[in-house]
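Working notes, structure below.
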Amino acid sequence: MRPQILGAYAGTLNAASSELAAVREALAAVHIDRGWFGKLPQSGLLADRYTAHREAELAAAAELSAWLATAADGLGGTAERYSGADRVAAELAGTVETGLGIGTGLIYRTNPIPESEEDEPDE
Numbered sequence: 065m066r067p068q069i070l071g072a073y074a075g076t077l078n079a080a081s082s083e084l085a086a087v088r089e090a091l092a093a094v095h096i097d098r099g100w101f102g103k104l105p106q107s108g109l110l111a112d113r114y115t116a117h118r119e120a121e122l123a124a125a126a127e128l129s130a131w132l133a134t135a136a137d138g139l140g141g142t143a144e145r146y147s148g149a150d151r152v153a154a155e156l157a158g159t160v161e162t163g164l165g166i167g168t169g170l171i172y173r174t175n176p177i178p179e180s181e182e183d184e185p186d187e
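Numbers 65 to 187, taken from this note's numbering, label the letters of the sequence shown in order.
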């Protein structure tokens, strides 16, 4: 597992959630007057359908934005847990090596856990 990638994806989802929330706010601020649909027969029905469609789209955007934020939080937490588990495993491996007299943290030194994307080796 690559916690840095999970963390980066969480950031992407958070950004998308914020952008979608901003779009939703902009759409919610637009007011369409019922009279703009004209006076022809069925223009009232058209206005009603537009209003229903607009409300459904605003609700869907709010739901999606909330889902994206929740997914980002979950991914961020998962990345933190994997990073912590990787550090603990590497430290324990180094302790075992030292205790057995076969090295001093050789596993950790030859395969360190990157702290950030900058520390990550190029592939």
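By construction, the Cβ of each residue, glycine as well, lies at the ideal position given by its N, Cα and C atoms. Given the structure is predicted, the values throughout are model-derived calculations rather than measurements.
Asked: Please list, in chain order, all residues of the same chain as M65 whose beta carbon is under 6 Å from its beta carbon, the five residues on each side excluded.; Found: Y146
Asked: With D112 as the anchor, note down where its alpha helix (DSSP H) starts and where it stops.; Found: 107-164
Asked: Thinking L122 and L84 are a contact (beta carbons under 8 Å), I'd like their distance in whole angstroms, please.; Found: Rounded, the Cβ-Cβ distance is 11 Å, inconsistent with contact.
Asked: Whole angstroms is fine: what's the gap from T162's alpha carbon to A143's?; Found: 29 Å
Asked: Distance check for R113 and P105, CA to CA, integer angstroms please.; Found: 14 Å
Asked: Which value, in whole angstroms, describes the spacing of the CA atoms of A86 and A93?; Found: 11 Å
Asked: By Cβ distance below 6 Å, which residues in the same chain neighbour D97 in space, the five residues on each side in sequence not counted?; Found: none
Asked: Taking DSSP as the reference, what is the three-state secondary structure of R98?; Found: helix
Asked: Between which two residues does the alpha helix (DSSP H) carrying R66 extend?; Found: Premise fails: R66 is in no alpha helix (DSSP H) and is neither H nor E.
Asked: My output table needs one value for L104: the three-state DSSP class, helix, strand or coil.; Found: coil
Asked: Mind reading off the beta-carbon distance from E72 to A136? Whole number of angstroms is fine, and I expect it under 8 Å.; Found: Per the sequence shown, residue 72 should be read as Ala rather than Glu. Not quite, the Cβ-Cβ distance comes to about 11 Å (not below 8 Å), so this is no contact.
Asked: Leaving aside the five residues before and after G140 along the sequence, list all residues of the same chain whose C-beta is less than 7 Å from its C-beta, in chain order.; Found: G71, A74
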